[in-house]
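*Asks:* Pasting a structure here, questions to come.
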Amino acid sequence: MKTKKIAAVLLTCIMAIGLMAGCGASNTNQSASNTENTSTGNGKTLVVYYSASGNTKDVAEKIAKITEADLFEIEPVEPYTDDDLDWTDDDSRVSREHDDESLRDVELVSTTVDNWDSYDTVYIGYPKMEYSL
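Note that the sequence shown covers residues -21 to -1, 1 to 112 in mature numbering (1 follows the signal peptide of the UniProt record, and there is no 0).
As C-alpha cells, then:
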C-alpha cells in the first residue's frame, strides 16, 4: 500500500513539473505585461503563505518580488519537523491531523496582518498534497 502511495505522489509531482515547465515557456511575454499592470495599481499587494518545507516560501517570495508585494508568513507555534511531515508514517503528526479533524486547529504565532485594510490584492499560498487517488 505504501508503495502505491509513493508511486502516486511521484507521478503527481512529475506531471506537475511538466505542466509548470510547459506553461512557463509559453507565457513569458504575457507575464511581463501582467506584472506591469499589477504594479501600477493604487492599492498595496500582500502575499500570505504557509510553507512546511520551504517550497511554498520560495514561490511566495517570487510572487512578492514580481508584484512588489509585502510578505506575511503563517507560522505554527509548534513548527513541523521532518518526522511530523512524513505522511507515509501512520503515526506522524500530519497523518494524525489528516485522520482526526479535531487535531487540525493549529495555534499560530500571529493571526493579524498589520494594516490589513491597506491591501487591495492578497495572494494566499499553501502546500497542497493528496497522497490518495
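For each residue, glycine too, the CB sits at the ideal point set by N, CA and C.
Could you check the C-alpha separation between residue 97 and residue 75 for me, to the nearest Å?
*Replies:* By 1-based counting over the sequence shown, the position of residue 97 is 118. By 1-based counting over the sequence shown, the position of residue 75 is 96. Taking the straight line joining both Cα atoms gives about 38 Å.
*Asks:* Going by Cα to Cα distance, which pick from 23, 53 and 34 is closest to residue 89?
*Replies:* Here residue 89 refers to the residue found at position 110 when the sequence shown is read from its first residue. Nearest of 23, 53 and 34 to residue 89, Cα basis: 53.
*Asks:* Leaving out five residues on either side along the sequence, give the residues of the same chain with a beta carbon under 7 Å from the beta carbon of residue 101.
*Replies:* Taking the first residue of the sequence shown as position 1, residue 101 is located at position 122. Correct list, in chain order: 25 and 27.
*Asks:* Using the three-state DSSP reduction, which class does residue 103 fall into: helix, strand or coil?
*Replies:* Translated into the one-based positions of the sequence shown, residue 103 becomes position 124. Of the three classes helix, strand and coil, the one that applies to residue 103 here is strand, per DSSP.
*Asks:* Let me check understanding here. Comparing Cα to Cα, which of 34, 92 and 71 lies closest to residue 23?
*Replies:* Locating residue 23 in the sequence shown gives position 44, where the first residue counts as 1. Checking every option, the nearest Cα to that of residue 23 belongs to 92.
*Asks:* So the beta strand (DSSP E) residue 68 belongs to, where does it begin and stop?
*Replies:* Locating residue 68 in the sequence shown gives position 89, counting from the first residue. From DSSP, residue 68 is part of no beta strand (DSSP E); its letter is neither H nor E.
*Asks:* May I ask you to report which of helix, strand or coil DSSP gives residue 80?
*Replies:* Here residue 80 is taken as the residue at index 101 of the sequence shown, counted from 1. Three-state result, residue 80: helix.
*Asks:* Look up residue 96 in the DSSP assignment and say whether it is helix, strand or coil.
*Replies:* On the sequence shown, position 117 is the one that residue 96 refers to. Looking at residue 96 - three-state DSSP - the assignment turns out to be helix.
*Asks:* With three or more beta-carbon pairs closer than 8 Å as the criterion, would you say the region 33 to 50 touches the region 59 to 67?
*Replies:* Judged by Cβ distances under 8 Å, the region 33 to 50 makes no contact with the region 59 to 67, as fewer than three pairs qualify.
*Asks:* Rounded to the nearest angstrom, how far is the Cβ of residue 82 from that of residue 56, given a contact under 8 Å?
*Replies:* Position 103 of the sequence shown, counted from the first residue, corresponds to residue 82. Position 77 of the sequence shown, counted from the first residue, corresponds to residue 56. The pair is not a contact, with the Cβ atoms about 14 Å apart (cut-off 8 Å).
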